[in-house]
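What follows is a single structure, written as structure tokens, with notes after it.
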Amino acid sequence: MKKILLVAGCLSLLLFACNSRGGSKQKEEVKEPQSATEAVFDNNDYHTLSNANEVLGKHLALDIEVDFKQHSISGTATWDIEKQKAEADKFIVDTRALLIDSIKYGDGTKADFELGEADSILGAPLSISLKPETKQVKIFYRTTKSATALQWLEPAQTFGKKKPFLYTQSESIHARSWIPVQDGPGVRYTYNAKVKVPKGLMALMSAENPQTVSEEGIYEFKMNMPIPAYLMALAVGDIKFQAIDNRTGVYAEPEMLAKAHKEFEEVGAMVHKAEELYGPYRWGRYDILVLPSGFPIGGMENPKLTFCTPTILAGDKSLVNLIAHELAHNWSGNLVTNQTWNDFWLNEGFTIYFERRIMESMMGKDYADMLWEIGYQDLEAVVADLGKESEDTHLRLNLKGRNPDEGLTDIPYEKGGHLLRLIEQTVGRSKMDAFLTKYFNENAFKTMNTRDFTDYLNKNLLNEVTEWKAKVNINEWLYAPGIPRTCPRAGKLRFNKVDTATAQFLKGDMSFSQKTGKWSTFEWMHFLRKLSKTPLSPEQMKALDHTFQLTQTQNSEKADLWYLLALKSKYEPAYPAMEAFLMVTGREKFLQPLYKEMMATSEGATMARAIYKKARPNYHPLTQRVIDEIVK
Ligand code: BES
Ligand code: ZN
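According to our numbering, the residues represented by the sequence shown are 37 to 668, in order.
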């Protein structure tokens, strides 16, 4: 332990020395921590209690029933196993808050098992005794009210208001709360499933999916490509399908289907653009499921079926970059998967880069530059928030003993994405693209860790020209805090115009409003973010609202920033709309800043408590935990 601290200490000393020289170009080298002697920097997955390296669950056959009255999933998980070590006599899977009824071997005889003590972060290991000849185990189980992956919606919480809805969110380590599974990103398996649901409802998974409702409420699924547990997904509800083209389509509640279909009509073309960049889409169909508004995140890259929030249905396709993001994960993440949650930037940083390349090819460079600039602002904000010396601002994280959800900041996303952009700018685009295509192909269906990536990058790209390695100086990104001085900045062609408009507005000149007709969501975001640096007067707020109807906007990104500005400026006419927004939206990214801002003043806190009391039941159980910590 001491050794680790020492290394961390040295690292900050180095950086201190380097910072204190201010603008000097000369820089001490950041060294990669030496792994052999330091447990912190090994590549073990400390977030699974399973033993995949001894006995691997290779194929899962799920046979489950969804009970909306009990809020429980029950049935069997049958694992085909493969011994990795001949002497292994136990198959250990992760569980969290699961009830295990019994376990049988493939031949139908009873198996001995032990459910270990539950760890508050990791859950409980389920250890199943194996006989020398055992090839299969069948676990009879059911989920409980504490399942962290499941959100059960009452009919009133759906668009249709008539039928209940259920969805899962398994990333990072929540799959274990609805399936007994070796729940680490480094473990892959194939699966098939039979799912029984109430008649009239549709069931969908991260697998080959039905397009029509089954009479008896029984659905069969197949996923023939090996995936890690965090990509297990299930949704059940009043859902209909509409095709976009012959391999893409949209699922949504009937009330939302037409709107969703319109918003996503270019997704077929988007998949082609992605393929032009980094090679074939390997998962067969690419469909999107639009969830009810309680969905806690923006999107989730479940294979074959991206899950997404309805808050991106802005009516003008202006938030489809989120779909580009989830689509891109079908290469970065789903094909080449981070080995442990410490390497999360290999999933998300690559995906941010890929997302913006897709958007650039669809919308042009000046558009993509706005995404990069917004992302850079997010990066600055998260570094300020975590502290510029914080180890949590390293790309390579150290989440041992912590909840992996703590790694879910903008660091892996934006610092990771910007590192790839620096590499691109160093080697040129054509070399970058050839490298990435090769990387995805050669590592498809495998896992990758930060160290192996560095080796792969050097060997296949940076070693080619002597200066490249020094120029990228990758260790500074991976193992040192803050934003490296070499961090690329995007062109500001479109945002410069917004800055001019902002300056005019602050001088009381509204003539810029003639030009905002062409603004995209991102120009609005930039404008509203700039304004929120200082409170505005009631007259200024009124002028903005009167001219642009911001209180009534149906664009969630604009709404969120506008309500934030309204709170800062105490612009009360926006409060009822904000309350309505908080009542229906479960997307944590929007909720957190609004509740935090309210809690900053005593009148605000009273309002926050009153709204949260009513809205809380509409939020995901994990979101409730987060907001509980804010609204006290
Ligand atoms: N895979 C993530 C979501 C995730 C990560 C959930 C870690 C739980 C743990 C997904 O691809 C994602 O990044 N979603 C973003 C989209 C945005 C960056 C465009 C979101 O939900 O906001
Ligand atoms: Zn992502």
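Glycine included, C-beta positions come from ideal geometry on N, C-alpha and C.
- Contact check for residue 372 against residue 485 fails: the beta carbons are separated by 8 angstroms or more.
- Collapsing the DSSP output to three states places residue 582 in a helix.
- At a cut-off of 7 angstroms, the beta-carbon of residue 301 does not count as near the ligand ZN: no heavy atom of the ligand is closer than that.
- The beta-carbon distance between residue 476 and residue 314, rounded to whole angstroms, is 5 angstroms. This is short enough to meet the 8 angstroms contact definition.
- Unbroken beta strand (DSSP E) runs of no fewer than 3 residues, entirely contained in the stretch 130-184, are found at 134-141, 149-151, 160-165 and 172-179, following chain order.
- The beta carbon of residue 468 is closer than 6 angstroms to those of 460 in its chain, skipping five residues each way along the sequence.
- Linking residue 304 to residue 481 through their CA atoms gives a straight-line distance of about 24 angstroms.
- With a cutoff of 8 angstroms on beta-carbon distance, residue 413 and residue 221 are scored as not near each other.
- A residue is called buried when at least 16 other Cβ atoms come within 10 angstroms of its Cβ; residue 435 meets this threshold and is buried.
- Every alpha helix (DSSP H) of 4 residues or more that sits fully in the stretch 479-529 is shown, in chain order, as 486-496, 502-508 and 510-515.
- In the three-state scheme derived from DSSP, where H, G and I count as helix and E and B as strand, residue 336 is classed as strand.
- With fewer than three CB-CB distances shorter than 8 angstroms, the stretch 317-330 does not count as touching the stretch 557-571.
- Linking residue 140 to residue 312 through their CA atoms gives a straight-line distance of about 48 angstroms.
- With the criterion CB distance below 6 angstroms from any heavy atom of the ligand ZN, the matching residues run 361, 365, 384 and 387 along the chain.
- Ranking 518, 490, 386 and 586 by CA distance to the CA of residue 421 puts 518 first.
- About 24 angstroms separates the Cβ atoms of residue 471 and residue 433, ruling out a contact at the 8 angstroms cut-off.
- Below 8 angstroms, enough C-beta pairs join the stretch 382-393 and the stretch 449-465 to call them touching: three or more.
- For the pair of segments examined, the stretch 151-166 was found not to touch the stretch 185-196: the number of CB pairs separated by less than 8 angstroms stays below three.
- Residue 101 has its alpha-carbon roughly 21 angstroms from the corresponding atom of residue 144.
- Note: residue 101 is bridge-paired with 110 and 232 in the DSSP secondary-structure output.
- For residue 91, same chain residues with a beta-carbon under 6 angstroms away, outside a window of 5 residues either side, are 117, 119, 124 and 127 in chain order.
- The beta carbons of residue 292 and residue 346 sit about 6 angstroms from each other, so the pair counts as a contact at 8 angstroms.
- For residue 273, the uninterrupted beta strand (DSSP E) run begins and ends at 270-273, by DSSP.
- For residue 262, the three-state secondary structure derived from DSSP is strand.
- Annotation for residue 546: no alpha helix (DSSP H) segment contains it, and DSSP assigns it neither H nor E.
- Between the alpha carbons of residue 490 and residue 496 lies a gap of roughly 10 angstroms.
- For residue 323, the enclosing beta strand (DSSP E) starts and ends at 322-326.
- Taking a contact as a CB-CB distance under 8 angstroms, the pair residue 308 and residue 278 does not count as one, their CB atoms being some 19 angstroms apart.
- In this structure the stretch 257-264 does not lie against the stretch 284-291, because fewer than three pairs of beta carbons, one per stretch, are closer than 8 angstroms.
- As a beta-bridge residue in DSSP terms, residue 115 pairs with 96 and 173.
- Excluding residues up to 5 positions away in sequence, 112, 114 and 140 lie with their Cβ nearer than 6 angstroms to the Cβ of residue 174 in the same chain.
- Here the alpha carbons of residue 361 and residue 246 stand approximately 24 angstroms from one another.
- Under the three-state reduction of DSSP, residue 188 is assigned to strand.
- The beta carbon of residue 333 sits closer than 7 angstroms to at least one heavy atom of the ligand BES.
- It is roughly 12 angstroms from the alpha-carbon of residue 107 to the alpha-carbon of residue 203.
- Taken through DSSP and simplified to helix, strand or coil, residue 256 comes out as strand.
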